[in-house]
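S.K.: With the numbering used here, letter number 191 in the sequence shown gets 191, and the count goes up by one each step, no holes. C-beta: ideal position from N, C-alpha, C; glycine also. A single structure is presented below for examination.
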Amino acid sequence: MKETRTTGGSYWIETAPGTAYPPLNTDTEADAVVLGAGIAGLSTAWELARAGRSVVVLEAGRIARGVSGHTTAKLTALHTFACDRLLRTRGSEAAHLYARSQTDAVEHAAHIVDELGIDCDWERVPAYTYLRDASRTAELRAEAEAARSAGLPAEFVPETGLPYAVAGAVRLADQAQFHPRKYLLALADDLRAHGGRIYEHTTAVGLDEGEPCRVTTETGATVTAHDVVVATHYPVFDRALLFTRLATHRELAVAAPIPADRDPQGMYITPELNTRSVRTAPYEDGRRLLIVTGESFNPGAQDTPARFDLLTDWAQQHFPGITITHRWAAQDTDPTDQVPLVGHLHARASHAYVATGFGGWGMSGGIMAGRLLTALITDDRLPWSDLYDPTRILSTVRQAPAFLHHQANVARHFVGDRLRPPQAKDVADIEPGSGAVVRIDGERCAVYRDERGEAHVLSARCTHLGCLVAFNSAEHTWECPCHGSRFDTDGKVVQGPATRPLGRRKV
Ligand code: FES
Numbered sequence: 001m002k003e004t005r006t007t008g009g010s011y012w013i014e015t016a017p018g019t020a021y022p023p024l025n026t027d028t029e030a031d032a033v034v035l036g037a038g039i040a041g042l043s044t045a046w047e048l049a050r051a052g053r054s055v056v057v058l059e060a061g062r063i064a065r066g067v068s069g070h071t072t073a074k075l076t077a078l079h080t081f082a083c084d085r086l087l088r089t090r091g092s093e094a095a096h097l098y099a100r101s102q103t104d105a106v107e108h109a110a111h112i113v114d115e116l117g118i119d120c121d122w123e124r125v126p127a128y129t130y131l132r133d134a135s136r137t138a139e140l141r142a143e144a145e146a147a148r149s150a151g152l153p154a155e156f157v158p159e160t161g162l163p164y165a166v167a168g169a170v171r172l173a174d175q176a177q178f179h180p181r182k183y184l185l186a187l188a189d190d191l192r193a194h195g196g197r198i199y200e201h202t203t204a205v206g207l208d209e210g211e212p213c214r215v216t217t218e219t220g221a222t223v224t225a226h227d228v229v230v231a232t233h234y235p236v237f238d239r240a241l242l243f244t245r246l247a248t249h250r251e252l253a254v255a256a257p258i259p260a261d262r263d264p265q266g267m268y269i270t271p272e273l274n275t276r277s278v279r280t281a282p283y284e285d286g287r288r289l290l291i292v293t294g295e296s297f298n299p300g301a302q303d304t305p306a307r308f309d310l311l312t313d314w315a316q317q318h319f320p321g322i323t324i325t326h327r328w329a330a331q332d333t334d335p336t337d338q339v340p341l342v343g344h345l346h347a348r349a350s351h352a353y354v355a356t357g358f359g360g361w362g363m364s365g366g367i368m369a370g371r372l373l374t375a376l377i378t379d380d381r382l383p384w385s386d387l388y389d390p391t392r393i394l395s396t397v398r399q400a401p402a403f404l405h406h407q408a409n410v411a412r413h414f415v416g417d418r419l420r421p422p423q424a425k426d427v428a429d430i431e432p433g434s435g436a437v438v439r440i441d442g443e444r445c446a447v448y449r450d451e452r453g454e455a456h457v458l459s460a461r462c463t464h465l466g467c468l469v470a471f472n473s474a475e476h477t478w479e480c481p482c483h484g485s486r487f488d489t490d491g492k493v494v495q496g497p498a499t500r501p502l503g504r505r506k507v
């Protein structure tokens, strides 16, 4: 790994206070219970509380520290090539509703920041989708045209504020960037001021969709509520087999201070080079913090340190002289038709709802989900409710290849990983501070040796649906390649859809 003077953590988590909400230890009741306290869950809870509902939020870890604490925090309706893709796959009305709903989310966030006076480094900047390959500029012109016909004031531009040449870009003015944790912690405070109750370190393990619904937690305490919202990034209660339509990818971020006069003044993304995204944020001494993300890959990949090197190299080549001070990783879920799944949890659900599949656009998506779900729960409908309805079927044959590709990938891991030789022959072969899958007494075990050499031995079988986990040596986590569950070196769930820890094993 290159010398980077890294802190190893998310800038958003380092620069906002921690939280210490209590776990839920006794049975309770509410109008609605929201599972998951990232941007989708907290936005939904906040909207419901503002609509006069009593709300309980259950978070398995700490609020706004999961995916929402590791995002790039761009709030925009320009989602790479989404308008053109939607226009081609679902028609002009779908593209129009998508653009409208995402714009509504950006403006709604601006309104909330203003109304609550939230100090969250809110900045209005343009968003760009760019390409450097001149043979692909037709794609940019098509997106600019599709976005315009969908109602966005987008334009094709030959230049940007980036310090390197591009072949062209789609530009959408007046979008926003912010500090996601400062925003969400303020939202949580206001939620509580309106009677909402937040419980941390409280994992939901059971859902009874009766009338009323009942959520059971790991400790046995229950929440009885009229409505349940599953906003756990990847849904933990998946009664519509949404996992068959959701692929997972991880992405890396590196950050470095730059002088204010080198700020490229915008939020940029290109799908080239396995994705590169650039934005800045206010930093110390009047400088800006350059945040570069990219290197999209499947959870469980073995080469995360090398990918961090690639991203660091790219950042230092394109912004010469920088020293990386922070790095972190995020995880996104991608629906096979690339439209988020927000609405009823399954076709027969009356009071259970889900919000998931935001791809890399969870900030506007999460705020949009809060508005949409609150409308459904309060017997209203937004014009774009059907667009995001999770019970929609794959709408055109165009999406079938993505669906089949995802299933083939899962099957390849489920079967293929079992046929592959274990990564290490013996526990003694594993270096201290590293992990590998080892066969012990006929069972594949996930073995981590800590810095003192002590072995932490777990079942390598993911508790979601049984694929084999692999070790991420950059983040020291066990990751499942099938649907992205992540576990710490003691087996505790870091990220779902798994809700149960990896089983402990004795050597
Ligand atoms: Fe589904 Fe592991 S996350 S099997």
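Return the CA-CA distance between H318 and Q175, expressed in angstroms with no decimal places.
M.R.: Position 318 of the sequence shown, counting from 1, holds the residue named residue 318. Position 175 of the sequence shown, counting from 1, holds the residue named residue 175. H318 and Q175: Cα-Cα distance of roughly 24 Å.
S.K.: When the Cα atoms are used, what is the spatial distance from L86 to A32?
M.R.: Along the sequence shown, one-based indexing puts residue 86 at 86. Along the sequence shown, one-based indexing puts residue 32 at 32. Their backbone Cα atoms lie some 33 Å apart in a straight line.
S.K.: Roughly how many angstroms lie between the CA atoms of F243 and T333, to the nearest whole one?
M.R.: Sequence index remark: in the sequence shown, residue 243 carries index 243 (1-based). Sequence index remark: in the sequence shown, residue 333 carries index 333 (1-based). For F243 and T333, the distance between alpha carbons rounds to 10 Å.
S.K.: As a quick check of your reading: which residues have a C-beta less than 5 Å from at least one non-hydrogen atom of the ligand FES, in chain order?
M.R.: Taken from the N-terminal end onward, the list reads C462, H464, L465, C467, C480, C482, H483 and S485.
S.K.: Can you pull the DSSP bridge partners for F487?
M.R.: Position 487 of the sequence shown, counted from the first residue, corresponds to residue 487. DSSP, once it has assigned bridges, lists W478 and V493 as partnering F487.
S.K.: Could you tell me which of E155, F237 and D313 sits nearest to E295, measuring between CA atoms?
M.R.: Mapped onto the sequence shown, residue 295 falls at position 295. The candidate whose alpha carbon is nearest that of E295 is D313.
S.K.: Please classify A49: does DSSP put it in a helix, a strand, or coil?
M.R.: To locate residue 49, count along the sequence shown from 1; it is residue 49. Reduced to three states, the DSSP call for A49 is helix.
S.K.: At what residues does the beta strand (DSSP E) containing D438 begin and finish?
M.R.: As a working note, residue 438 is residue 438 in the sequence shown. Residue identity check: residue 438 is Val in the sequence provided, not Asp. V438 -> beta strand (DSSP E) spans S434 to I440.
S.K.: What's the call for N472, buried or exposed, on a 16-neighbour Cβ count within 10 Å?
M.R.: Looking up residue 472 in the sequence shown gives position 472. With 16 or more other Cβ atoms within 10 Å, it is buried.
S.K.: Going residue by residue through the region 35-96, where are the continuous beta strand (DSSP E) segments of at least 3 residues, counting only ones entirely within it?
M.R.: Complete beta strand (DSSP E) runs here, min 3: 55-58.
S.K.: Within 7 Å (strictly less), CB to CB, does L382 reach chain D?
M.R.: In summary, chain D is missing from the structure at hand, where a single protein chain is found.
S.K.: Can you tell me whether DSSP reads E209 as helix, strand or coil?
M.R.: Here residue 209 corresponds to residue number 209 of the sequence shown, with the count starting at 1. If DSSP states are grouped into helix, strand and coil, E209 belongs with coil.
S.K.: Since I believe L373 is in contact with T44 (beta carbons under 8 Å), could you give me their beta-carbon distance rounded to a whole number of angstroms?
M.R.: Against the sequence shown, residue 44 aligns to sequence position 44. Against the sequence shown, residue 373 aligns to sequence position 373. Between L373 and T44 the Cβ distance is about 5 Å, and since that is below 8 Å, they are a contact.
S.K.: Is the separation between the beta-carbon of R340 and that of G357 shorter than 7 Å?
M.R.: Position 340 of the sequence shown holds residue 340. Position 357 of the sequence shown holds residue 357. According to the sequence provided, residue 340 is Pro. The question's Arg does not apply to it. Yes. Within cutoff.
S.K.: Identify every run of the beta strand (DSSP E) within the region 223-286, keeping only runs that are complete inside it and at least 3 residues long; order them along the chain.
M.R.: Taking only runs of at least 3 residues, the beta strand (DSSP E) segments lying wholly in the region 223-286 are 246-258, 267-270 and 276-282.
S.K.: Report yes or no: do the region 139-159 and the region 297-311 share at least 3 C-beta pairs separated by less than 8 Å?
M.R.: The region 139-159 is not in contact with the region 297-311.
S.K.: So for R348, helix, strand or coil by DSSP?
M.R.: Residue 348 sits at position 348 when you count from the first residue of the sequence shown. Note: R348 maps to coil in three-state DSSP.
S.K.: Three-state secondary structure (DSSP) at T103?
M.R.: Walking along the sequence shown from the start, residue 103 turns up at place 103. Residue state, collapsed to three classes: helix.
S.K.: Quick check: P259 and R279, are their CB atoms within less than 7 Å of each other?
M.R.: For the purposes of this step, residue 259 is taken as the residue at position 259 of the sequence shown. For the purposes of this step, residue 279 is taken as the residue at position 279 of the sequence shown. In this structure, R279 does not lie closer than 7 Å to P259 by Cβ.
S.K.: Where does L152 sit, in a helix, a strand or coil, going by DSSP?
M.R.: The residue you call residue 152 lines up with position 152 of the sequence shown. In the structure shown, L152 sits in coil (DSSP, three-state: anything other than H, G, I, E or B).
S.K.: Report buried or exposed for Y182, applying the criterion of at least 16 other Cβ atoms within 10 angstroms of its Cβ.
M.R.: On the sequence shown, position 182 is the one that residue 182 refers to. Note on identity: in this sequence residue 182 is Lys, with Tyr being the wrong assignment. It is buried - the Cβ of K182 has at least 16 other Cβ atoms within 10 Å.
S.K.: Report the rounded CA-to-CA distance for H201 versus A95, giving the unit in angstroms.
M.R.: The residue you call residue 201 lines up with position 201 of the sequence shown. The residue you call residue 95 lines up with position 95 of the sequence shown. Distance between the alpha carbons of H201 and A95: 39 Å.
S.K.: Going along the chain, which residues of its own chain have a beta-carbon closer than 8 Å to the beta-carbon of A508, five neighbours each way excluded?
M.R.: Examination of residue 508 is not possible in this model, given that the chain is present from 1 through 507 alone.
S.K.: Tell me whether the beta-carbon of L345 lies closer than 7 Å to the beta-carbon of R449.
M.R.: Position 345 of the sequence shown, counting from 1, holds the residue named residue 345. Position 449 of the sequence shown, counting from 1, holds the residue named residue 449. Going by C-beta atoms, L345 is not nearer than 7 Å to R449.
S.K.: Is D379 buried or exposed, if buried means 16 or more other CB atoms sit within 10 Å of its CB?
M.R.: Your numbering for residue 379 matches position 379 in the sequence shown. Under this definition D379 is an exposed residue.
S.K.: Which residues does DSSP list as the beta-bridge partners of Q177?
M.R.: Indexing the sequence shown from 1 puts residue 177 at position 177. Looking at the DSSP assignment, Q177 forms a beta bridge with K74 and E123.
S.K.: How is S364 classed by DSSP in three states: helix, strand or coil?
M.R.: Along the sequence shown, one-based indexing puts residue 364 at 364. S364: helix per DSSP, three-state reduction.
S.K.: What separation, rounded to the nearest whole angstrom, lies between the Cα atoms of F487 and Y199?
M.R.: Residue 487 sits at position 487 when you count from the first residue of the sequence shown. Residue 199 sits at position 199 when you count from the first residue of the sequence shown. Approximately 21 Å between the Cα atoms of the pair.
S.K.: With distances taken Cα to Cα, identify the nearest neighbour of L172 among D189, H249 and P126.
M.R.: Residue 172 sits at position 172 when you count from the first residue of the sequence shown. Of the candidates D189, H249 and P126, the one whose C-alpha sits nearest the C-alpha of L172 is P126.
S.K.: List in chain order: all unbroken alpha helix (DSSP H) runs of 4+ residues lying wholly within the region 294-318.
M.R.: Listed in chain order, they are 304-318.
S.K.: Hey, how far is the Cα of C480 from the Cα of G220?
M.R.: Mapped onto the sequence shown, residue 480 falls at position 480. Mapped onto the sequence shown, residue 220 falls at position 220. C480 and G220: Cα-Cα distance of roughly 27 Å.
S.K.: Any idea which residues DSSP pairs T323 with across the strands?
M.R.: Numbered from 1 along the sequence shown, position 323 holds the residue referred to as residue 323. Per DSSP, none; premise fails for T323.
S.K.: Start and end of the beta strand (DSSP E) containing Y199?
M.R.: Here residue 199 is taken as the residue at index 199 of the sequence shown, counted from 1. R197 to Y199 is the extent of the beta strand (DSSP E) around Y199.
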